[in-house]
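Quick note on my numbering: the sequence shown kicks off at 76 and runs consecutively.
From the three backbone atoms N, C-alpha and C, an ideal C-beta is built for every residue, glycine too.
Everything on this sheet refers to the single structure shown next.
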Amino acid sequence: MRGMRRSTQQTDGPSPGPPDDVARVIDAVHGLPGRPLPGVQAEALARTLGGCLGATTVTIALWLPLPAGHDADAAAEHTVQEYRWPATDAEAAATGTGATPVRLCDGEQVLADLVVEPPVAAERLRRWPELHAVTRLLVSDIQAQLITERAERLIGQSTLLLADTRLRAAGEMEHQRYQLERDLHDGAQHHMVALQMSLAMVEHQLDAGNAAEAGQHLDRLRELLASTEEVLHTTATGLLAPLTDHGLVAALTARLEALDTVTLDIDPELIGYRYLPEVEAAVYLACLEAVSNAHKHAPGAAVTLTLRTSRRGLSFEVADTGPGFDTEGRMPLRQLAARLAQVEGTLTVRSSPTTGTRVTGLVAI
């Protein structure tokens with residue numbers, strides 16, 4: 076019987092270590108100076124467990140639940156973050172024997188898998204309830220810290236993303252406001268000037284007693300009012316009809332052909348030809364603005380719009396026979412120049428007293 080008892084004690088495996096080893100494990104984690112990172116705590120835990128268990132390697136594979144809305148495989152429920160003692164892979168590979176991991180759980184939630192080498196050291200942990208319980212509590216705390224850190228990081232990223240989105244939205248709103256302002260200036264202003272000129276002609280004919288001529292100009296004034304209403308509507312809705320539907324030549328012809336003082340000289344090769352929408356819009360509005368400026372600053376002067384295509388690109392020129400002006404080395408029509416620059420275009424203004432004004436633009440195609 077005594078022999079049997081002796082045999083049973085030998086096969087029961089190694090006995091647990093002294094109680095102060097449990098305190099060593101606790102102190103190894105909670106006795107670290109300052110506010111150690113969870114990873115530092117996990118490494119300290121692995122190192123101290125190795126010493127208490129007489130292990131050659133200890134690996135703590137922490138289970139971290141995936142955040143809501145993750146992009147990983149739908150079958151995945153967690154990620155694993157490993158901490159190993161000794162820290163180098165070479166030492167672990169030299170001593171590893173593929174031991175069965177010791178799983179630490181909190182109810183149904185898995186906290187971590189501990190791989191302890193050699194197997195006799197892993198068995199010592201399984202048979203040591205106090206050390207097993209303390210290790211589980213420490214791992215649970217480390218896991219909670221890692222989850223909190225990740226949540227704080229995601230919140231910080233979301234805050235930055237929200238601030239960036241707000242900034243972009245504000246910038247886009249400002250850009251659209253500026254674009255609408257320019258479209259009103261470059262497009263609708265031309266019609267306002269034409270309305271003023273037609274009204275002045277009506278007044279002139281009435282003063283001269285030419286009722287029939289005044290009636291013709293009134294008809295023209297009604298047409299301009301209708302077209303101006305259309306331009307304001309299309310500008311406010313972000314469209315440039317009929318430019319969008321029919322192209323550059325058709326749009327310029329529809330706007331300018333009926334003006335008595337404007338002559339159109341358009342390259343036949345351009346009829347029916349379409350350019351990129353942004354190019355057509357830039358040239359269209361630039362031509363309208365140049366004609367409008369000629370009417371404003373040289374009332375009654377003849378205006379010629381020339382539109383050409385060549386190897387260099389799409390070019391236009393608005394020339395008037397007005398009194399001209401001294402540019403004094405400055406660049407007039409900066410808004411037009413800026414608009415053309417957005418489509419890699421250039422604008423040139425040439426004028427001097429008594430020689431009229433020429434506004435020339437080129438967009439390389």
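### Query
Helix, strand or coil: which one does DSSP assign to Asp87?
Here residue 87 refers to the residue found at position 12 of the sequence shown. Confidence at Asp87 is low in this model, with a pLDDT of 46, below 50, so the placement of that residue should be treated as unreliable; the coordinate-derived value is given next. Correct three-state label for Asp87: coil.
### Task
Note down the Cα distance separating Ala356 from Glu288, rounded to an integer number of angstroms.
The residue given as residue 356 occupies position 281 in the sequence shown. The residue given as residue 288 occupies position 213 in the sequence shown. Ala356 and Glu288: Cα-Cα distance of roughly 36 angstroms.
### Query
When the Cα of Leu206 is compared with those of Ala361, Pro161, Gly126, which residue comes out closest?
Taking the first residue of the sequence shown as position 1, residue 206 is located at position 131. When C-alpha distances from Leu206 are compared across Ala361, Pro161, Gly126, the shortest belongs to Gly126.
### Query
Can you tell me the Cα-Cα spacing of Ile440 and Leu139, whole angstroms?
Against the sequence shown, residue 440 aligns to sequence position 365. Against the sequence shown, residue 139 aligns to sequence position 64. Per the coordinates, the alpha-carbon of Ile440 lies some 56 angstroms from the alpha-carbon of Leu139.
#### Entry: Other residues of its chain near Ala394: CB distance less than 6 angstroms, five sequence neighbours each side excluded
Residue 394 sits at position 319 when you count from the first residue of the sequence shown. Excluding positions up to five away in sequence, the list reads Thr379, Arg433.
### Message
If contacts are defined as beta-carbon pairs under 8 angstroms, then Ser427 and Gly399 qualify, I think. What distance do you get, rounded to the angstrom?
### Response
Position 352 of the sequence shown, counted from the start, is the residue given in the question as residue 427. Position 324 of the sequence shown, counted from the start, is the residue given in the question as residue 399. Right, their Cβ atoms sit about 5 angstroms apart.
### Query
Cβ of Val133 within 8 angstroms of Cβ of Leu124?
By 1-based counting over the sequence shown, the position of residue 133 is 58. By 1-based counting over the sequence shown, the position of residue 124 is 49. In contact: Val133 and Leu124 (Cβ atoms closer than 8 angstroms).
### Proximal residues to Gln218 (C-beta, below 6 angstroms), its chain only, five neighbours per side dropped
What you label residue 218 is simply residue 143 of the sequence shown in a count that begins at 1. Only residues of its own chain outside the window of five on either side were considered, and among them Leu137, Leu186 have a CB closer than 6 angstroms to the CB of Gln218, listed in chain order.
### Message
Are the CB atoms of Arg330 and Leu360 within a distance shorter than 8 angstroms?
### Response
Mapped onto the sequence shown, residue 360 falls at position 285. Mapped onto the sequence shown, residue 330 falls at position 255. No. Outside cutoff.
### Query
Who are the Cβ neighbours of Ala365 in its own chain at under 6 angstroms, not counting the five residues just before and after it?
Sequence index remark: in the sequence shown, residue 365 carries index 290 (1-based). Correct list, in chain order: Val393, Val434.
#### Entry: Cβ neighbour criterion (16 or more within 10 Å) applied to Val424
Position 349 of the sequence shown, counted from the first residue, corresponds to residue 424. Buried.
### Query
Under the three-state reduction of DSSP, which class applies to Asp95: helix, strand or coil?
What you label residue 95 is simply residue 20 of the sequence shown in a count that begins at 1. In the structure shown, Asp95 sits in a helix (DSSP, three-state: H, G or I).
### Query
Roughly how many angstroms separate the alpha carbons of Cys27 and Glu152, rounded to a whole number?
In this structure the chain extends from 76 to 440, so residue 27 is not present and cannot be described.
### Query
What is the DSSP secondary structure of Leu437, counted as helix, strand or coil?
Numbered from 1 along the sequence shown, position 362 holds the residue referred to as residue 437. Reduced to three states, the DSSP call for Leu437 is strand.
### Query
With 16 as the cutoff for other CB atoms within 10 Å, does Ala196 come out buried or exposed?
The residue you call residue 196 lines up with position 121 of the sequence shown. Answer is buried; the Cβ neighbour count reaches 16.
### Message
Can you tell me whether Glu392 is helix, strand or coil according to DSSP?
### Response
Residue numbering aside, residue 392 sits at position 317 when the sequence shown is read from its first letter. In the displayed model, Glu392 falls within a strand according to three-state DSSP.
### Query
With which residues is Gln156 paired in a DSSP beta bridge?
Position 81 of the sequence shown holds residue 156. DSSP, once it has assigned bridges, lists Leu137 as partnering Gln156.
### Tyr158 beta carbon less than 8 angstroms from that of Ala130
Along the sequence shown, one-based indexing puts residue 130 at 55. Along the sequence shown, one-based indexing puts residue 158 at 83. Not closer than 8 angstroms, so no.
### Task
Please state if the CB of Thr336 and the CB of Ala286 are separated by a distance shorter than 8 angstroms.
Counting from 1 along the sequence shown, the entry for residue 286 is found at position 211. Counting from 1 along the sequence shown, the entry for residue 336 is found at position 261. Between Ala286 and Thr336, the C-beta spacing is not below 8 angstroms.
### Task
Look up Ser427 in the DSSP assignment and say whether it is helix, strand or coil.
To locate residue 427, count along the sequence shown from 1; it is residue 352. Coil at Ser427, not helix or strand.
### Query
What first and last residue would you give for the beta strand (DSSP E) that runs through Asp188?
By 1-based counting over the sequence shown, the position of residue 188 is 113. From DSSP, the beta strand (DSSP E) with Asp188 extends over 184-192.
### Query
What number of angstroms, rounded off, separates the C-alpha of Gly231 from the C-alpha of Arg225?
For this step, residue 231 is matched to residue 156 along the sequence shown. For this step, residue 225 is matched to residue 150 along the sequence shown. Gly231 and Arg225 have their C-alpha atoms some 10 angstroms from each other.
### Message
Can you tell me which residues form a DSSP beta bridge with Asp181?
### Response
Along the sequence shown, read from residue 1 onward, the residue named residue 181 stands at position 106. Per DSSP, Gln184.
### Task
Determine the DSSP secondary structure at Gly420, reduced to helix, strand or coil.
As a working mapping, residue 420 is identified with position 345 in the sequence shown. Three-state DSSP puts Gly420 in a strand.
### Task
Spatial neighbours of Leu408 within its chain, please: CB distance less than 8 angstroms, with the 5 preceding and 5 following residues excluded, ordered by chain position.
In the sequence shown, the residue the question calls residue 408 occupies position 333. If we look at Leu408 and ignore the five residues flanking it on each side, its Cβ neighbours are Glu364, Ala365, Asn368, Leu422, Val424, Val434.
### Message
If you reduce the DSSP assignment to three classes, tell me which class Leu339 lands in.
### Response
In the sequence shown, residue 339 corresponds to position 264, counting from 1. It is a strand residue.
### Minimum C-alpha distance to Leu345 - residue among Glu332, Thr328, Arg110
Here residue 345 refers to the residue found at position 270 of the sequence shown. Restricting attention to Glu332, Thr328, Arg110, the CA atom closest to the CA of Leu345 is found in Thr328.
#### Entry: Beta-ladder partner(s) of Leu382, from DSSP
Translated into the one-based positions of the sequence shown, residue 382 becomes position 307. Beta-bridge annotation (DSSP): Leu382 is paired with Ile341, Phe391.
### Task
Taking 8 angstroms as the cut-off, decide whether the C-beta atoms of Ala121 and Ile101 are in contact.
The count along the sequence shown starts at 1 and reaches residue 121 at position 46. The count along the sequence shown starts at 1 and reaches residue 101 at position 26. With a cutoff of 8 angstroms on beta-carbon distance, Ala121 and Ile101 are scored as not near each other.
### alpha helix (DSSP H) segment containing Ala333, residue limits
One-based indexing of the sequence shown puts residue 333 at position 258. Unbroken run through Ala333: none, as it is neither H nor E.
### Task
Within the same chain, show all residues whose beta-carbon is closer than 7 angstroms to that of Leu281, passing over the 5 residues directly before and after it, in chain order.
Within the sequence shown, residue 281 is the residue found at index 206, counting from 1. The beta carbon of Leu281 sits closer than 7 angstroms to the beta carbons of Ala289 from its chain, once the five residues preceding and following it are set aside; these are given in chain order.
#### Entry: Assigned secondary structure, Gln432 (DSSP; H/G/I helix, E/B strand, else coil)
The count along the sequence shown starts at 1 and reaches residue 432 at position 357. Rather than Gln, the amino acid found at residue 432 in this sequence is Thr. It is a strand residue.
### Message
Mapping the DSSP letters down to three states, classify Thr402 as helix, strand or coil.
### Response
Your numbering for residue 402 matches position 327 in the sequence shown. The answer is coil: DSSP assigns Thr402 none of H, G, I, E or B.
### Message
In this structure, how does DSSP classify Thr240 when only helix, strand and coil are distinguished?
### Response
Taking the sequence shown and counting its residues from 1, the one referred to as residue 240 is at position 165. DSSP places Thr240 in helix when its eight states are reduced to three.
### Query
Gln410: beta carbon under 7 angstroms from a heavy atom of the ligand ATP?
This structure lacks the ligand ATP, and indeed carries no ligand of any kind.
### Query
According to DSSP, is Thr132 helix, strand or coil?
To locate residue 132, count along the sequence shown from 1; it is residue 57. In the structure shown, Thr132 sits in a strand (DSSP, three-state: E or B).
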